[in-house]
Structures are given as C-alpha cells and as structure tokens.
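Number of protein chains: 4
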Amino acid sequence: MNQTKKRKICFVITSTIHYARSKLILVKLKKRDDVDLQIVIGGSAILSKYGEVDKWLKHDGLDVSAVVSITLEGGNNVSMAKTAGLGVIEFTSTFEKLKPDIVVLRADRYEVLSAAIAAAYLNIPIAHIEGGDVSGNIDESVRHAITKLAHIHFATNEDSKKRIIQMGERPDYVFNVGCPGLEIAAKNNFKITNRIINNMGLGARVDINKNFLIVTQHPVTTEIEMNEKNIIETIKSISELNIPTIWFWPNVDAGTDRISGMLRRYREKHNLDRSVLFIKFLLPEEFISLLKKTSCLVGNSSAGIKECSYLKIPVVNIGTRQDGRMRAENVIDVDYDRRKIKKAILKQISHGPYPSSDIYYKPNSSKKIVDILSNINLYIQKKFNDDNV
Amino acid sequence: MNQTKKRKICFVITSTIHYARSKLILVKLKKRDDVDLQIVIGGSAILSKYGEVDKWLKHDGLDVSAVVSITLEGGNNVSMAKTAGLGVIEFTSTFEKLKPDIVVLRADRYEVLSAAIAAAYLNIPIAHIEGGDVSGNIDESVRHAITKLAHIHFATNEDSKKRIIQMGERPDYVFNVGCPGLEIAAKNNFKITNRIINNMGLGARVDINKNFLIVTQHPVTTEIEMNEKNIIETIKSISELNIPTIWFWPNVDAGTDRISGMLRRYREKHNLDRSVLFIKFLLPEEFISLLKKTSCLVGNSSAGIKECSYLKIPVVNIGTRQDGRMRAENVIDVDYDRRKIKKAILKQISHGPYPSSDIYYKPNSSKKIVDILSNINLYIQKKFNDDNV
Amino acid sequence: MNQTKKRKICFVITSTIHYARSKLILVKLKKRDDVDLQIVIGGSAILSKYGEVDKWLKHDGLDVSAVVSITLEGGNNVSMAKTAGLGVIEFTSTFEKLKPDIVVLRADRYEVLSAAIAAAYLNIPIAHIEGGDVSGNIDESVRHAITKLAHIHFATNEDSKKRIIQMGERPDYVFNVGCPGLEIAAKNNFKITNRIINNMGLGARVDINKNFLIVTQHPVTTEIEMNEKNIIETIKSISELNIPTIWFWPNVDAGTDRISGMLRRYREKHNLDRSVLFIKFLLPEEFISLLKKTSCLVGNSSAGIKECSYLKIPVVNIGTRQDGRMRAENVIDVDYDRRKIKKAILKQISHGPYPSSDIYYKPNSSKKIVDILSNINLYIQKKFNDDNV
Amino acid sequence: MNQTKKRKICFVITSTIHYARSKLILVKLKKRDDVDLQIVIGGSAILSKYGEVDKWLKHDGLDVSAVVSITLEGGNNVSMAKTAGLGVIEFTSTFEKLKPDIVVLRADRYEVLSAAIAAAYLNIPIAHIEGGDVSGNIDESVRHAITKLAHIHFATNEDSKKRIIQMGERPDYVFNVGCPGLEIAAKNNFKITNRIINNMGLGARVDINKNFLIVTQHPVTTEIEMNEKNIIETIKSISELNIPTIWFWPNVDAGTDRISGMLRRYREKHNLDRSVLFIKFLLPEEFISLLKKTSCLVGNSSAGIKECSYLKIPVVNIGTRQDGRMRAENVIDVDYDRRKIKKAILKQISHGPYPSSDIYYKPNSSKKIVDILSNINLYIQKKFNDDNV
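Chains as they are written, first to last, in UniProt numbering: chain A, 1 to 389; chain B, 1 to 389; chain C, 1 to 389; chain D, 1 to 389.
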C-alpha cells in the first residue's frame with residue numbers, strides 16, 4: 001500500500017493581530033491527518049510589550065516549531081528595515097531546517113516580507129492571506145511585492161481578488177475566501193468584563209457597560225515627520241470630548257516610539273487620565289468582545305474597516321493609513337484635525353450601530369483556506385499572466 | 001538669490017553586467033551640475049572571481065561612494081537568500097548615511113531586491129530599470145516584486161511597459177526608453193584582439209578572426225536539482241561539435257558551484273581543452289566587441305535576447321531561464337538536449353547574421369533616463385492604479 | 001618638508017555612561033593638531049529610552065562620524081547576543097569606511113566586544129580603557145576577552161594593571177591612568193536643582209536639598225532567572241524605609257524588561273509613588289552633581305564603587321554584580337535580602353560621608369590617555385608575554 | 001528511582017581539521033548513555049571547496065543537529081569579520097533551539113569565536129580544546145579571548161596549561177590531556193595509495209612510494225599585504241627543487257583568494273605542473289597516512305608542529321604563523337626566503353625521520369576529555385583567579 005506523505009504547512013505569525021485573525025485556520029489545520037502543521041512565531045509577536053503570542057498558542061493547545069527573534073529597537077525606519085534584513089537571514093535558516101511544502105503568510109508587514117523572500121529563494125511555494133487590498137503607508141507597496149512572490153492567494157474581498165489577477169497572478173490560484181478574522185468575530189462568544197479591562201491598563205477606570213470609545217492610532221511610516229503632529233490632534237479631541245475611552249498603544253512600526261512618547265507626555269498635560277484607560281493589548285477574543293460594546297472606534301486600525309463593517313460598529317477613520325481600502329457605510333473618514341475628529345465621533349455616537357455588511361465576510365473562510373492549502377497542486381516557477389486583463 | 005539644492009541620485013551596482021549596461025547613464029549623470037551622483041557597489045560585483053567593478057569605475061573616472069560587502073559563499077539557495085538579508089541590513093546603513101533623493105536599481109537579482117527594500121522602508125523613491133520583463137528563474141518573481149516597491153520605471157520595451165502599468169503602477173511614471181545596454185552596444189568601437197582573449201583564459205587557443213562559438217549558461221535557481229544534468233547536455237554538444245569555443249563561467253546564482261564543478265570535471269573527461277577557451281569575464285566593451293564576431297551565442301544569457309537582437313547575432317537559447325521574454329527572430333529556443341542543441345547551433349552557423357531588430361533598442365536611452373531622473377517630481381506614498389486596465 | 005600624517009583615532013561610544021566618563025578625553029583629542037578624531041556612536045547610546053548621546057555630543061561641540069544601529073528588542077540573553085553579532089557586521093563596515101589607525105573602546109559590554117572583534121580582524125590596533133577589573137555578570141568574561149584582543153591598555157587602578165600584565169599583555173603597553181570618570185567627577189561644577197530633577201521623572205517629588213537615596217540596580221545577566229526575585233527585595237526595602245528616593249531605570253542588559261516590569265507593577269502595589277521619583281537618565285554633569293548630594297547610593301552600579309569612592313558617598317552594594325572589584329571603605333556589601341538592605345542603608349545614612357579615596361583616582365587621567373594615544377608606537381601582531389610573572 | 005537527566009553536550013565543528021582532530025571524542029560521546037550528543041556544523045566545514053564535513057560525519061555514523069551557514073565570500077579581512085558577526089547571530093538561534101548544557105569548541109578561528117560569544121551570552125558553559133597555545137596570526141589574539149570566555153579548558157601541552165592558569169582561569173578546570181589529533185594519528189591504520197592521491201588532484205602525478213614533499217601554506221591574516229610576496233618565495237623554491245610535491249590549497253582565512261590566485265598564475269609560469277600535484281583536501285585518515293610517508297612537510301600548518309612531532313616527520317616551518325608554539329626537534333624555522341627554504345628542505349630530506357616526541361601526545365586524550373565533559377560540575381559565573389601565580 002502506498003503511504004501518502006503528509007503535506008508540511010508552515011504558518012508564520014509575526015504579529016498578535018495575525019494570530020487573532022488566523023486562529024481558526026490553525027486549529028483546523030492541526031486536526032487534519034494529511035497535514036503536518038508547523039508554526040513559526042517571531043518579530044513583534046514574541047515581545048512582551050506587544051503581547052507574547054507563545055502564551056496564547058499554548059493556551060489554545062498549539063505547538064511552536066521555531067521562534068525567530070529579529071526585532072531591532074528604535075521604532076524608526078532604520079530599525080524597521082534592518083529587522084526585515086535580519087528576518088530574511090533567520091527565516092532562511094528556519095525554513096531550511098523545517099523544509100515545509102508551503103509557507104503561509106498574512107498581510108503586509110516587514111517581517112512578512114522577510115519570510116516571503118526567504119521562502120521564495122528556497123523554492124518553497126507561498127500562500128498569502130489578505131493580498132490585493134489597497135491602503136496607505138509603506139504596507140501598500142510591501143503587500144503587493146509579497147503578492148508577486150506568492151503562489152496561492154487568499155483575498156478577503158472581490159476587489160482585492162481582481163487586483164491580484166490584474167497584477168499577473170494565475171486566476172486559478174486566487175480565491176476570495178472573505179476575511180478569516182470576521183469569521184472569528186462572528187463566532188466569538190467571549191464576554192469581556194470591567195474587571196478584565198481595568199486590570200489590564202493604566203489611567204482612568206472605564207465602565208464598559210456604558211458609552212465608551214476605543215482609540216487605536218498607529219504611526220504612518222511614510223509620513224514619519226508628521227506622526228507626532230498628527231497624534232496630537234487625536235489626543236486633543238479625546239481630551240476635549242472627555243468621554244470614557246480605552247486607548248491602545250500603537251504597534252511596532254516606525255514612528256511608534258514618538259507616538260508613545262507623545263501619549264506619555266500629553267497624558268498628564270491634557271489630563272487624559274481623567275477619562276482614558278491605556279491598554280497594551282488584549283487577547284483576540286477579549287478585543288472582539290470589547291469592540292462589540294464600544295460606541296465608536298477611533299483611529300486608523302484595519303479592524304475599523306474590516307471587523308467593524310460586519311460587527312456594525314461606527315468608526316472614525318483618521319488620516320491616510322487606510323486610504324483606498326474598500327469600506328462599508330460604518331466608516332467616516334476625517335483628516336488629522338481635532339475639530340473634524342470630534343465632530344465625527346459625536347456624529348457616530350448619535351448614529352449608533354450600522355447594518356451589518358458582508359463586503360469582507362464570507363462564512364467558512366477558515367475551512368476554505370484549510371481545504372485549499374491541504375489539496376491544491378503546488379508549483380514553484382511563476383509566470384506572468386495577462387490573459388484575463 | 002536662491003541656490004537650488006542638487007538632487008542626490010544613488011546608483012547601485014551589484015553585478016558587472018549592471019555596470020556594463022549602465023555606464024553611459026553614469027557618465028552623463030556625473031556631468032550634470034544639478035545632480036550629485038552617488039555610486040554604491042557591492043554584492044558579486046566586488047568579488048575578484050566575478051570581476052572587480054571598482055577597477056572598471058576607476059578606469060572610467062567614476063568615484064565610489066560606498067562598498068557593500070554581503071555575498072555568502074555556497075552558491076546555493078541558502079547563500080542567495082542570506083545574502084539578500086545581509087544586503088537589506090547593509091544597504092539600510094549605507095542609504096541612511098548617504099541620504100539620497102533617489103535610488104536607481106536595475107533588473108532582478110537578490111542584491112537588487114535588498115537595496116529596494118532598504119530604500120522603500122527609508123522612504124527613498126526608487127527608479128527601476130528593466131522592470132516588466134518576463135523570464136524563468138526566481139528572477140521572474142523578484143523583478144515584479146521590485147516593480148511594486150519602485151516609483152519610477154524605465155522599461156526596455158513596449159510589452160514590459162504595458163505589464164508594469166497593468167500591475168497598478170502610475171502610467172505617468174512608466175517610460176519605455178529602450179535597453180541602455182543596446183545603446184552601448186551600438187556605440188561600441190572597441191576592437192577585441194586574439195591577444196586579449198587568449199591571455200584572459202585557460203584551455204585551448206581560439207582564433208577570433210575565424211568561426212567560433214560563445215557559450216554562457218547560468219544556473220536556473222528554480223530547477224536547482226537539474227542544473228548539473230542540464231549543463232552536461234551543453235558540455236557534450238560542444239564537445240561533439242569540436243568547433244572553437246569561448247566559454248564564460250556562470251554567475252553567482254544558486255547552483256553556480258555545481259555547474260563550475262561539472263565544467264572542471266568534464267573539461268578533462270570530454271577533452272574540452274581541445275577546442276574550448278574558458279574565460280571568467282571581460283570588460284563590457286571587450287565583451288560586446290567579441291559578441292559581434294561570434295558565429296553563434298549559445299546558453300541562457302539575457303544578452304542573447306537583448307544585445308544580440310540588435311547586433312544581428314544568431315543565438316541558441318537553452319532551457320527555461322529566458323522563458324517569456326520578447327524575442328527577435330535571431331533566437332532558436334531548444335530544450336536541455338544535446339542533439340537539439342547541436343542541430344540548432346549548426347543551423348545558426350549556416351544561417352549567419354540576422355537583420356537588426358529594434359524591439360529592445362531606442363536611440364538615446366541613457367539621455368532619456370538621465371533627463372527623467374534629474375527632473376521628474378518625486379513622490380513617496382504609492383497608490384495602486386487600475387484606471388488604465 | 002615632510003608633512004606628518006595625522007593619526008586617525010576612532011572613539012566608539014555605545015552607552016551613555018561611556019560618554020559620561022570619556023568627555024574630557026574627546027575634548028582634548030579634538031584640540032590636537034596631530035590627531036584626526038572620529039567618533040562612532042551606536043548601540044543603546046542612540047536609543048531614546050537610554051538617552052540619545054548624539055544630542056549630548058552636539059551640545060559639547062563634538063561631531064559624529066558614523067552611527068551604528070544594532071540593538072535588538074527583547075531585553076534578554078538572545079537579544080544581547082544577537083546585538084553583539086549584528087554589531088560585528090556593522091562595526092566592520094564602519095571601520096572599513098573610516099580606516100582608523102586606532103580604535104578606542106571602554107569597559108565590557110557586548111557592543112564593545114563587537115567593535116573589538118571588528119577592529120581585530122581588520123588589523124586595527126585597539127586601545128582599551130577600564131580593562132583588568134574584576135566583577136560579576138557576563139561582563140567579567142567579556143572584559144578580559146576584550147583585553148586579549150587589545151593592544152594598548154588604560155587600567156584605572158593598580159590591581160587591574162597587574163591583572164592585565166598577568167594575562168600576558170606587554171607591560172610597556174599597560175598604563176594605570178586612573179579612572180577618567182573620576183577626573184570628570186572631581187572637576188564637575190554643575191549645580192543640580194530640584195527643578196531639573198523633578199521635571200525629568202515620574203512619581204513623588206523629591207527635595208534634593210534634604211536627605212534622599214539614589215537607587216540604581218541593573219540586571220545580572222548570569223542570574224537571569226533570579227533578577228525579578230532579587231529586585232523585589234530592593235523594592236520592598238525602599239518601600240518600607242519610606243525615605244525620599246530617586247530611582248534610575250535599569251540599563252539595556254538581559255533581564256532589563258523584567259526588572260522594569262516589576263518596577264511598574266510594584267510602584268502601585270507597594271505605594272512607591274509616595275516616596276520615589278523614577279528617572280530614566282540625566283546628563284553626566286547632572287548625575288555627578290546629584291550623586292554629591294545623596295545620603296546613600298543603593299544598588300549595583302559601578303559608580304558606587306568608582307565615582308563614590310572619591311566623592312565620599314556611602315554606598316550599599318547589593319548582590320554579585322560588582323563582586324571582586326577593588327573597594328574603598330565607603331561600600332557596604334549585602335545580599336539580596338530586604339532586611340539586610342534596610343539595615344545597611346540606615347547604617348550608611350547615620351555614618352555620613354567617608355574620607356575621599358584615590359584607589360581609582362589619578363589627576364590628569366584624560367591628558368595621559370590622550371598623550372599616549374597620540375604618540376605611542378602602534379603594533380598589530382600580538383604575542384603572549386610571560387616574562388613578568 | 002531517580003532518573004538522571006542526560007547531559008546535553010553540543011560539539012561545534014566549523015573546519016574540517018576540527019573534525020579530523022575530534023572524531024574519537026565524538027564517537028565516544030555518542031556511545032555514552034548519560035550524554036545526549038548534539039553536533040553543529042557550519043562555517044567553512046560545509047563548503048564544497050574546503051571539504052563537506054557532513055559527508056564525513058555520515059560516513060562515520062554521526063548525526064548532525066544543526067547546520068550554520070555563515071561564510072562570506074571575499075577571502076579577506078572584511079569577509080572574515082562579517083562571517084564572525086553572522087556567526088554570533090546564527091549560533092545564538094541554534095543554541096537557543098538546542099539548549100545544550102555545554103558547548104565544546106576547538107582552537108582559534110573566527111567561527112569558533114562566534115560560537116563562544118553566543119554561548120557566553122546565553123549562559124551556557126563552554127569547554128575549549130587547544131587553548132593556551134601561542135602562535136602568530138590573528139588566531140593568537142582570538143585563541144586567548146576564547147579562553148577568557150570558556151569554563152573548562154583542555155590544553156594539549158603543559159606550557160599551554162600554565163598559560164591558561166596564568167590568565168586567571170580556575171586551575172581545577174584546566175587539564176592537559178594532550179592533543180586528541182595525535183591520538184588519532186597514533187591509531188591510524190589507513191593505507192593511502194597512489195590511486196587515491198592522484199585521482200584527487202590536478203597537475204603532476206606523484207608517486208607516494210618514493211620521496212615527495214607536502215606543502216601547505218596558509219595566509220597570515222596580520223600580514224595581509226605580504227601574503228602574495230611571501231608565497232612566491234615558497235613557489236619558487238619548490239619550482240627550483242623540482243622534487244615531486246603534493247600541495248594543499250590554503251584555508252578560508254583572509255588572504256586565501258590572493259594566495260590561490262598566485263598559485264594558479266605561477267603554476268604555469270614556473271612549470272609547477274612538472275612536479276607538483278595540487279589537492280584541495282583529503283579525509284583525515286588519508287591525510288595522516290600521507291603525512292607518514294612524506295620526506296618533509298613544508299609551510300606553516302599547525303600539523304607540522306603538532307602531528308609531525310609525534311610522527312617523526314621533518315618539517316620546514318616558514319614565517320610567523322606558528323611563532324611561539326612549543327616545538328620538538330623535528331622543525332626547522334625559516335623566513336620567507338627562497339634560498340633558506342630550499343636549503344632547509346634539503347637538510348631535512350637528508351636528515352630523515354626524527355625521534356618521536358610526546359610534548360603534544362598523551363595516551364587516551366579522547367577518553368579523558370569525554371570523561372570530564374560527562375561528569376564535571378558546571379558553573380556559569382566566571383571569576384578571575386590569581387592565587388596560583
């Protein structure tokens with residue numbers, strides 16, 4: 001009898017949000033008999049200040065195959081670029097050791113680009129989730145560069161699928177499976193409590209059973225000189241509104257140290273501690289549960305565009321970071337301008353929940369991804385396709 | 001009075017062929033008063049076994065701003081990937097020091113990808129020469145990934161220009177300027193001699209004033225296990241033909257050590273020294289001058305597709321490395337099969353020179369590139385464009 | 001006439017304390033006509049959370065020749081080791097570019113080891129300040145390893161000079177010049193004020209014109225699992241004493257993130273904000289001025305052993321980090337034990353200032369170092385010497 | 001019953017000569033029930049041009065735990081230094097993954113220093129073989145730097161043991177076990193044949209059953225500008241002697257590309273192919289067997305000082321590379337001077353075999369090393385010892 005070789009699928013997790021959106025995929029892959037699941041964690045996902053993803057994986061019964069420690073200090077463009085370089089070196093050693101049949105990557109960060117380059121030069125086929133989206137930031141360039149290195153594409157919406165094909169990818173390897181993060185959001189039953197939230201942060205106590213805002217504003221790496229000036233507009237608008245607010249610290253991108261610095265300095269100067277609770281991170285299910293309770297999400301997180309479109313949450317999206325991403329009607333876009341931000345927040349609060357949109361949602365996203373990863377024919381040599389344009 | 005700031009244009013040279021094709025651009029940039037030319041050399045271009053480009057630059061009166069030493073030994077996929085990673089780190093430090101306004105890159109090698117990533121994360125606009133081409137090898141993926149990180153595109157032919165625009169690049173920043181290497185080939189007046197050639201190599205003496213072949217066959221990184229088997233077909237066909245031949249050693253890509261090993265072993269076994277002169281590299285003007293004299297170029301070099309189309313040289317292109325690249329009628333494509341290779345070579349010899357083609361040629365390529373680099377408005381934040389599709 | 005070539009002396013600064021102790025040397029080197037001073041900054045010295053040394057240099061009129069950005073996030077053993085590795089790579093590129101005649105290094109940190117290795121393999125003679133000391137921590141091993149790579153040795157005390165010679169170094173290249181940091185401390189006229197101090201930190205207001213403690217306790221990298229447990233003893237003793245205290249955050253060594261985490265958590269739990277002001281860093285002259293005013297320095301900083309011996313300050317030295325370093329009578333050594341710490345602090349407060357010791361002090365340290373660096377004959381090939389043992 | 005945890009002993013092999021001298025240790029460690037042997041290979045040992053050690057290990061039934069690919073191209077000081085830096089990064093990841101209880105290193109090369117630094121910062125005790133020797137080259141500095149990072153020392157002779165203790169190491173952790181390479185030489189029964197030798201190389205046929213010389217001359221990294229000039233003296237002396245000679249290519253140190261270049265160029269010019277067979281490498285047992293048959297070993301290899309002292313082989317040691325190493329009477333030292341080299345070779349040939357010396361030999365070296373590695377109490381924190389001086 002012929003014993004079929006298990007397909008070795010290597011899932012790379014370099015940020016906590018990646019894990020938050022991928023958990024169902026991992027759990028399903030682990031259950032399959034024909035798959036040997038390898039999980040590689042690294043980058044900011046393993047740093048204590050951005051949430052240590054190894055603890056979450058352990059909690060969910062998932063094993064780690066390798067840890068890739070590559071993040072440089074600095075929170076600036078140089079540290080971001082060098083982290084990418086060190087990432088290529090370390091992912092190369094890691095993939096050479098693990099010898100996966102496929103490497104699965106998500107989104108558009110520099111650690112993800114590192115892993116893509118390592119896999120590409122080692123002739124390992126790449127599956128890429130969330131390609132084809134458009135946005136601002138350096139992520140816009142990097143996302144499409146990764147698409148051009150990848151072999152299998154899991155777009156989260158129809159527009160992105162079209163763009164991926166337009167860029168010359170083989171149509172039979174491009175799938176619109178919806179955003180796996182929304183499937184998780186849809187199924188989430190976790191009940192967040194005041195106790196959990198208020199033990200996690202610093203600053204004011206916030207009662208999440210009453211009206212409250214969530215703010216999460218990341219640096220824009222292509223506007224590096226403006227990040228401080230821009231965050232002040234948000235700080236002042238929140239200070240002046242004086243509504244209970246839960247504020248998440250920014251991610252590891254270039255500019256993060258400066259934004260964090262502004263937050264620390266202005267916390268006191270503008271009395272933010274009166275109304276604002278500062279939190280570093282929550283577990284994915286906690287975050288989704290909290291999101292469902294907020295009156296309005298403010299900032300420039302992709303969760304505002306994606307998760308909130310389905311969860312009906314009003315969103316005030318500030319600045320250029322999400323430029324061009326397909327939106328449902330739950331989003332009001334505003335400039336870096338405290339008066340406009342304030343006005344938009346008040347408008348969203350008075351509007352309340354929106355109808356649920358399915359532009360990013362499809363049922364069974366994770367099942368579809370897992371089925372394709374497990375069964376699709378793999379190829380190495382890419383070929384530009386322009387038949388469908 | 002207002003003193004205009006000079007535009008700092010940083011030209012990156014990581015392979016000798018890059019210099020061979022870019023010399024006119026560099027010389028013209030250097031002469032401009034409004035440009036501060038920075039030349040960064042590195043990668044295989046600075047290694048003695050692939051030709052030390054610093055000596056060529058010195059010879060041509062061009063100064064080097066920085067040297068980037070990054071190439072790992074091994075000649076395999078791991079060394080190629082790690083070189084790319086180390087390259088990102090070192091180009092980041094270099095660009096951070098030089099602070100150029102534009103970085104100019106050419107083609108599709110891993111060192112070029114390194115430089116592109118470094119520049120992208122440092123928010124330095126990238127100009128890219130020779131994007132949009134299609135081919136085999138890992139270069140195919142990497143070339144398009146670089147396009148998605150770049151801001152200004154100098155395509156060498158109309159098809160490539162269309163592909164670049166199709167991939168979502170701004171049409172007003174995509175230019176078909178022809179291949180600058182062909183402009184150099186067209187203007188080349190150097191007269192190569194038997195003395196030069198026969199002093200450079202090992203093996204048989206070849207009289208370049210009579211019929212002779214040139215062979216240059218590089219490894220295909222995506223067919224790594226097949227490279228040895230494939231090169232043997234070429235070795236045997238050349239051995240059996242027993243026509244005077246000048247054979248260039250392969251480049252630094254993964255697989256090169258194995259191909260070189262085969263050449264060394266088979267040189268003796270198949271009596272190649274009877275008819276074959278082995279050469280490491282020639283100066284660009286020497287190579288073009290030699291090319292003009294050959295009866296047929298055999299192998300998988302892009303010079304066969306590009307330079308030879310204009311220079312009327314018959315070419316036997318072996319295998320997949322140039323798959324998909326636009327061809328003039330001078331090329332016969334064959335598989336890795338000694339009989340087919342032999343047959344094609346004999347056919348090309350008896351055919352003799354082809355009509356000159358201008359699919360890759362435009363007059364004044366270098367002037368056009370220099371004018372655009374010096375004057376075009378620069379931007380940082382990229383935006384996917386699909387208006388023109 | 002014969003024009004003498006200037007000697008290129010490259011001073012490497014990778015921590016703020018290094019600059020604090022070396023400023024006079026730099027200022028004197030800069031003034032010499034026969035010296036071309038190169039200053040390379042990098043490592044934790046350029047990170048905002050450990051004090052940005054470039055601003056200090058600018059303030060003091062000193063130019064930076066190169067910036068070396070190498071520090072990995074994590075605050076653990078892995079990040080420390082990888083930073084050392086990246087440091088070797090980047091210092092190599094930097095020295096290759098600057099081509100110094102001598103590289104000057106201080107002390108025993110991993111970034112310093114990096115620079116030593118880079119210089120050693122590039123055949124650049126190394127001058128090393130503060131070698132020969134003994135202590136705990138990984139620094140103990142690294143300090144002596146650097147000695148064995150160095151060519152000129154500036155010991156800060158007689159015992160260390162003897163140890164360096166015992167290790168096989170040439171006696172005519174080993175000099176006891178005293179600790180240049182103490183010369184700076186001796187000459188310091190800066191007057192620190194309540195206004196400066198209380199604007200720099202978070203927590204309680206401290207009146208520095210009354211009794212107050214300074215605490216500065218760094219992680220011990222060779223006791224990595226114990227650092228949290230050990231710091232708690234200090235936290236509790238300070239909490240129980242309830243004396244006004246200025247507490248400096250720990251340095252970048254492995255374990256720092258955990259110690260910082262403990263401090264953040266326990267600040268609230270043990271009411272540290274009642275009596276403790278937390279400060280990240282002060283300018284060197286500010287720190288010395290503050291030191292002169294404290295009733296007692298508590299923790300494991302080398303300043304307690306060195307600067308305080310001369311400045312008469314009572315010191316409670318906790319744990320193993322300074323094990324074996326020569327002490328004056330101003331130091332009481334205690335275990336990680338809150339009762340012993342408390343008892344020792346109270347004893348030191350009631351004792352008051354000690355007689356000034358000159359075990360680490362010599363007048364004109366900086367002048368001696370500068371004269372030797374400028375004039376000594378340089379050699380490359382080292383040779384083990386055992387004549388003097 | 002209490003199950004004792006196996007001690008994880010990690011043996012690092014970065015050059016083929018390291019394996020050649022360590023094989024018996026590895027075989028014995030593998031057989032022990034209380035030891036979990038980990039073998040890490042890397043550096044030049046895995047490159048095809050210096051002998052692929054993985055094939056030798058496989059042949060000897062030893063498994064590889066990890067491969068560390070770090071060597072940069074260039075054969076110069078920069079590539080040597082950067083390889084060291086990349087080595088620190090990769091050995092850190094490797095040791096972090098393998099979590100050994102001891103890391104075992106040998107000798108003084110840059111890859112070995114890398115591994116020592118990685119282990120030191122990860123708090124893994126280091127056992128070091130062949131410390132305490134003196135020599136020329138950068139190896140002299142690096143060897144002692146490694147000693148100062150190591151915890152257990154296996155000196156190969158009494159002088160070296162004394163030096164290690166003098167440098168401040170604990171005497172109870174310093175052992176003179178003799179050179180394990182000599183134990184291998186002593187036990188070697190392999191019979192080398194003309195067929196093996198002449199199939200391995202290029203150039204003249206050499207009959208090893210008659211008189212013949214062996215030449216092996218490595219670059220001296222601290223005399224980098226002189227290496228070409230120096231090797232010419234040897235080339236000319238061998239050319240003029242016109243005695244059958246087996247010449248081994250130099251190792252990977254800085255300067256190797258230039259020496260190899262000279263050899264290639266002069267091979268023809270000085271008719272070396274008349275009498276010289278060039279060989280890249282032999283298996284350890286082949287090399288020892290060949291050594292026993294030669295009339296004289298010429299060059300600067302440590303085998304001339306160590307293995308040949310016991311094997312009675314006459315040696316002409318050229319230049320500074322072995323300066324200071326303890327010698328038996330079998331060695332004649334000469335400068336880089338063709339006449340002196342010729343004269344010394346002729347003198348050694350006419351002298352014939354010397355009495356066997358045991359200055360580097362002790363029976364059961366490998367058993368002693370294995371027993372100590374398996375049983376000795378381990379410690380992390382080092383402390384300078386000067387009791388015994």
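For every residue, glycine included, the Cβ atom is placed at its ideal position computed from N, Cα and C.
For chain B, find out if any of its Cβ atoms is closer than 7 Å to the Cβ of Val-88/A; answer yes or no. yes
Please list the partners that Gly-74/A has in chain C, where partner means a Cβ-to-Cβ separation under 7 Å. Leu-47 and Ser-69
Measure the CB-CB distance between Ser-44/D and Ser-65/D and report whether it falls below 7 Å. no
Cβ atoms of Met-80/D and Tyr-121/C: under 7 Å apart, would you say? yes
Which same chain residues, not among the five before or five after Ile-192/D, have their C-beta less than 6 Å away from its C-beta? Glu-286, Ser-289 and Leu-290
Buried or exposed: which applies to Gly-352/A, given that a residue is buried once 16 or more other Cβ atoms fall within 10 Å of its Cβ? exposed
Suppose you measure from the CA of Val-67/A to the CA of Thr-83/A; what does that come to, to the nearest Å? 15 Å
Using alpha carbons as the reference points, say which of Met-200/A, Ile-238/A and Asn-198/A lies closest to Arg-339/A. Ile-238/A
For Tyr-121/D, which residues in chain C fall below 7 Å Cβ to Cβ? Asn-77, Met-80, Ala-81, Ala-84, Tyr-110 and Ile-138
Indicate whether Gly-319/B and Val-134/B have their beta-carbon atoms separated by less than 7 Å. no
With distances taken from CA atoms, which of Leu-272/D, Thr-245/D, Phe-281/D and Arg-274/D is nearest Asn-251/D? Phe-281/D
Endpoints, the beta strand (DSSP E) within which Ile-9/B is located: 7-13
Among the candidates Asn-271/A, Gly-201/A and Lys-229/A, whose CA atom is the shortest distance from the CA of Ile-246/A? Gly-201/A
Do Gly-304/C and Gln-217/C have their C-beta atoms within less than 7 Å of each other? no
Residue-level contact to chain B via CB, Asp-273/D, 7 Å cutoff: no
Under 7 Å between C-beta atoms of residue 421/C and Asp-337/C: In this structure chain C extends from 1 to 389, so residue 421/C is not present and cannot be described.
Between the alpha carbons of Leu-86/D and Gln-322/B, how many angstroms are there, rounded? 34 Å
Mapping DSSP to helix, strand and coil, what is Val-276/D? strand
Kindly confirm or deny that the segment 2-13 of chain C and the segment 25-45 of chain C touch, where touching means at least three C-beta pairs closer than 8 Å. yes
Quick one: does Leu-98/D have its CB under 7 Å from some CB of chain C? no
Chain-order list of residues whose beta-carbon lies under 6 Å from that of Phe-278/A (same chain, five-residue window excluded): Gly-201, Leu-202, Gly-203 and Trp-247
Neighbour flag for Asp-257/C against chain A, beta carbons, 7 Å: yes
Closest Cβ-Cβ distance between Asp-141/A and chain B: below 7 Å? The residue you asked about is not Asp; residue 141/A is Ser in the sequence shown. Yes - at least one Cβ of chain B is within 7 Å of the one on Ser-141/A.
Would you check if the distance between the CB atom of Val-334/D and the CB atom of Ile-345/D is smaller than 7 Å? no
Only counting runs of 3 or more residues, tell me where the beta strand (DSSP E) segments fall wholly within the segment 6-88 of chain B, in order along the chain. 7-13, 35-42 and 66-68
Of the residues Val-331/D, Asn-137/D, Phe-175/D and Ser-301/D, the one placed nearest Phe-223/D, counting alpha carbons only: Residue 223/D is actually Glu in this sequence, not Phe. Per the Cα distances, Asn-137/D.
What are the uninterrupted segments assigned as beta strand (DSSP E) that are 3 or more residues long and contained completely in the segment 111-164 of chain D, given in chain order? 126-129 and 152-155
Please name the residue or residues paired with Leu-202/C in a DSSP beta bridge. Phe-278/C
Could one say the Cβ of Met-326/B lies closer than 7 Å to chain A's Cβ atoms, at least one of them? no
Compute the Euclidean distance between the alpha carbons of Asp-358/A and Leu-98/C, then round it to the nearest angstrom. 59 Å
List the residues of chain A that Ser-93/D touches, going by C-beta distances under 7 Å, in chain order. Glu-90 and Ser-93
Own chain, CB closer than 6 Å to residue 435/B, minus 5 neighbours either side, in chain order: The structure shown does not extend to residue 435/B, since chain B is modelled only from 1 to 389, so the question has no answer here.
Would you check if the distance between the CB atom of residue 390/C and the CB atom of Cys-296/C is smaller than 7 Å? A question about residue 390/C goes unanswered here, because the residues of chain C that appear run from 1 up to 389.
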